[in-house]
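Chains as they are written, first to last, in my numbering: chain B, 448 to 863; chain V, 448 to 863.
We put the CB at the ideal spot given by N, CA and C, even for glycine.
Reading through the structure tokens given below for one structure.
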């Protein structure tokens with residue numbers, strides 16, 4: 448049996464397990480300090496699951512306990528009422544055209560980002576990714592053969608990297624001359640916290656339609672957009688239904704990182720091409736992918752996600768988002784008060800910080816872990832353009848965030 | 448953007464959606480009869496979720512409601528205590544060598560059967576599948592390019608089909624001359640209800656090791672084995688750790704079809720080969736697949752699955768299995784009393800019945816739906832060798848099963 452050799456191209460471990468390994472090792476070697484560690488690394492939420500979701504999940508479990516209300520296999524795309532609620536509340540009520548059956552429920556955006564590659568021709572599309580970038584976009588493409596060998600300077604041959612820099616505010620423009628067939632965009636951005644404005648997103652949609660490319664739009668952090676002029680969905684841009692798939696998650700609004708639920712929007716008007724050049728809608732392919740490879744999301748989880756759209760659920764989600772955005776502001780002001788240059792933390796739960804002179808991003812990671820017991824994410828883990836930066840996550844308790852700022856302030860490092 | 452053309456090779460809809468469509472259409476056209484419909488088609492459980500699982504899930508949800516016990520992202524392979532419990536109770540306590548970190552938790556076996564193909568070289572292994580067969584094995588291979596065009600007589604070019612017939616008791620022998628790199632086996636079998644004995648499984652393990660092939664062993668129905676001489680895991684056979692991955696599910700023992708949880712066992716001693724012929728363990732590839740494409744199974748679901756291994760959980764699972772096996776016996780005797788030839792229903796929850804003269808399997812399906820309001824699964828949906836047979840599922844309430852037998856008895860069809 449031949450294995451998938453593409454896996455052997457992958458460099459090192461996936462970023463977050465590597466961070467976890469270093470933190471665990473630090474704790475073992477420094478047991479007295481271990482309890483002081485504050486994790487602002489992985490971007491995992493810390494606040495309790497909203498009461499509305501918990502109550503709905505409890506009720507769903509009770510349903511499973513009685514013959515008359517037992518629920519077995521559900522539709523592979525999610526229960527109809529859940530898809531309807533999402534399409535109605537997240538899109539139609541905001542004037543966006545999305546039908547119920549264009550919503551595909553999943554156990555989270557991370558899985559969706561990988562799964563979507565199932566319906567594209569492996570090894571035959573040019574994939575474009577921002578740099579820095581959520582590593583899952585890159586690694587899943589390497590795994591299916593959409594990338595070549597690892598390059599010595601970081602990254603992989605064959606992928607088109609779209610540099611995010613202080614100069615462009617970490618919002619890359621569409622490629623001027625290079626071909627790309629599929630482009631990943633994520634706004635508000637992980638890891639840089641950049642939020643795209645309407646004109647910039649319009650340029651992307653315009654480019655994609657002209658290039659017959661597909662935009663994979665990761666809107667996992669859309670709830671953090673407070674500026675009403677900024678788009679929260681790519682479908683706010685005319686023409687996006689012909690060129691974009693959107694990923695949404697309940698992890699960062701409803702605190703579902705452990706509960707696991709998200710969804711994709713795959714418009715019926717979105718088409719690719721067959722090898723012999725015929726246009727082919729993606730919706731039936733994506734539907735077939737789900738009906739063949741899944742039995743849908745856990746029933747109590749679906750009910751929990753649905754409950755986030757009730758009046759109580761919305762209020763509880765809004766409170767969570769407000770809390771984390773408050774943290775983000777505190778962190779951004781905190782690092783800036785230390786004389787560091789920072790982005791994000793506004794309309795986004797991540798703060799992207801330039802490393803002080805003389806330290807690279809894993810250097811900052813190790814120093815902050817060892818000397819301040821604060822876990823951040825080294826920018827280099829997000830790509831070559833991430834070197835020289837680190838990410839601080841606002842997903843923490845306000846008291847921990849205050850403590851992080853204090854430790855940064857008291858930090859005796861020579862350069863940080 | 449080029450789509451994955453392999454999807455266009457897929458024939459018709461996935462079997463169960465097609466059944467659901469016909470049942471829905473029947474209900475619409477015959478509203479007076481709709482309430483009488485008894486579903487013995489899809490193999491979905493009907494009894495309430497065990498109390499032990501519900502209590503554990505309730506407790507887990509309460510944990511998520513407090514800061515001190517909140518759980519966010521879990522390990523992508525499942526929480527350590529859950530993996531330990533599974534390895535200990537399902538394997539080590541039965542004398543089988545399986546380590547905790549050889550267990551990979553998932554949201555169900557259907558997903559695992561598709562996902563496992565990620566780590567094999569697409570289009571370069573010869574895949575062997577029984578016929579009749581669970582359609583997911585075939586369709587997922589078509590989707591990744593491991594099969595050629597659909598054949599007019601059913602099936603796809605490029606796959607090696609292993610016929611199951613009344614002559615071999617629906618237990619195919621290893622191929623004598625044909626090459627195969629990956630073989631799917633499912634015992635107790637879906638759809639035929641055949642249970643493999645130790646000598647036959649030993650022949651498969653022996654063959655696979657000699658052929659350097661991998662056996663994908665679907666043991667989703669292992670809880671239904673009551674004969675102590677029959678293997679419940681392929682790892683009962685010496686040498687299987689060098690040639691087999693096992694799929695397990697909580698759907699049919701713990702009634703988790705709506706809750707969604709299963710796992711794979713990937714032994715560290717199992718190896719494939721790289722394109723240039725080097726041996727490569729599969730375990731790190733499978734681990735990388737999970738850590739890159741998933742954030743693990745919903746926390747309350749994991750706790751629910753774990754609770755099935757408590758003394759109360761085991762007793763409740765045993766009662767469920769006993770109930771469904773009782774149904775299976777009633778159904779098998781019922782169809783045999785009608786003069787029909789049948790297999791399974793012993794050590795398995797499915798009864799596999801030969802169609803009466805003059806009716807093919809969709810013909811039986813339509814006749815039983817229209818005239819008796821009983822939903823069965825047409826054998827043709829499971830492959831060319833399934834034509835001439837139909838499957839009855841024992842997953843139903845005992846009263847419904849009695850009613851099904853009565854309706855079969857009173858059935859006025861000329862030949863059934």
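Taken in chain order, the whole beta strand (DSSP E) runs of length 3 or more contained in the segment 753–816 of chain V are 789–791 and 797–801. In the DSSP assignment, residue 840 of chain V falls outside any alpha helix (DSSP H) and lies within the beta strand (DSSP E) extending over 836–840. Note on residue 693 of chain V: 16 or more other CB atoms within 10 angstroms of its CB, so buried under the neighbour-count rule.
Contact annotation: residue 743 of chain V and residue 521 of chain V have beta-carbon atoms nearer than 7 angstroms. Judged by DSSP in its simplified three-state form, residue 603 of chain B adopts strand. Beta-carbon to beta-carbon, residue 732 of chain B and residue 593 of chain V are separated by about 17 angstroms, too far to satisfy the 8 angstroms threshold. With a 10 Å radius around the Cβ and a threshold of 16 neighbouring Cβ atoms, residue 453 of chain V comes out buried.
B/618 is the residue among B/624, B/618, B/670 and B/626 whose C-alpha sits nearest the C-alpha of residue 649 of chain B. Judged by their CB atoms, residue 456 of chain B and residue 589 of chain B are nearer to each other than the 7 angstroms cut-off. The beta-carbon of residue 492 of chain B is placed less than 7 angstroms from the nearest beta-carbon of chain V.
Residues of chain V with a Cβ closer than 7 angstroms to the Cβ of residue 520 of chain B are, in chain order, 489, 491, 704 and 705.
For residue 584 of chain V, same chain residues with a beta-carbon under 7 angstroms away, outside a window of 5 residues either side, are 560, 576 and 631 in chain order. When 8 angstroms is used as the limit between beta carbons, residue 727 of chain B is near these residues of chain V: 450 and 455, in chain order.
For the C-beta of residue 531 of chain V, not a single chain B residue is nearer than 8 angstroms; the gap to the nearest is close to 18 angstroms.
Shown here, residue 545 of chain V sits in coil according to DSSP, grouped into three states, outside any helix or strand.
Residue 582 of chain B sits in a helix when the DSSP states are folded into three classes. Neighbours of residue 496 of chain B in chain V, taken as residues whose beta carbon is under 8 angstroms from its own, are 508, 511, 512 and 517 in chain order. For residue 504 of chain V, the closest of V/748, V/678, V/659 and V/724 by C-alpha to C-alpha distance is V/748. Sequence-distant partners of residue 775 of chain V (beyond 5 residues in either direction) whose C-beta falls short of 6 angstroms from its own C-beta, in its chain, are 792, 796 and 841. Counting the other CB atoms within 10 Å of its CB gives residue 513 of chain B a total below 16, which places it among the exposed residues.
In the structure shown, the three-state DSSP call for residue 489 of chain V is coil.
For residue 732 of chain B, the residues of chain V that pass the 8 angstroms Cβ criterion are 450, 451 and 454, in the order they occur in the chain.
Counting C-beta atoms within 10 angstroms of its own C-beta, residue 667 of chain V has 16 or more neighbours from the protein chains shown and is therefore classed as buried. Going by beta carbons, residue 822 of chain B and residue 839 of chain B fall outside the 7 angstroms limit. Using beta-carbon distances, residue 699 of chain V does not count as an interface residue toward chain B, since no partner is under 7 angstroms.
DSSP places residue 550 of chain B outside any alpha helix (DSSP H); the residue lies instead in the beta strand (DSSP E), whose first and last residues are 550–553. By the Cβ test, the segment 805–824 of chain B is not in contact with the segment 553–570 of chain B, since fewer than three Cβ pairs between them sit closer than 8 angstroms. Per DSSP, reduced to three states, the secondary structure at residue 480 of chain B is helical.
Within chain V, no C-beta atom comes nearer than 8 angstroms to that of residue 711 of chain B; the closest sits roughly 14 angstroms away. For secondary structure counted as the beta strand (DSSP E) over 3 or more consecutive residues, the segment 652–724 of chain B holds these complete runs in sequence order: 661–665, 691–696, 709–712 and 718–720.
Contact annotation for residue 572 of chain V against chain B: 448 and 449 [CB-CB distance below 8 angstroms, chain order]. Put simply, the backbone Cα of residue 558 of chain B is about 45 angstroms away from that of residue 788 of chain V. CA-CA distance, residue 638 of chain B to residue 826 of chain B, rounds to 8 angstroms.
Contact annotation: the segment 717–729 of chain B does not touch the segment 695–709 of chain B, with fewer than three C-beta pairs closer than 8 angstroms.
Of the candidates B/613, B/807 and B/820, the residue whose Cα lies closest to the Cα of residue 835 of chain B is B/807.
Residues of chain V whose Cβ lies closer than 8 angstroms to the Cβ of residue 566 of chain B are, in chain order, 450, 451 and 454.
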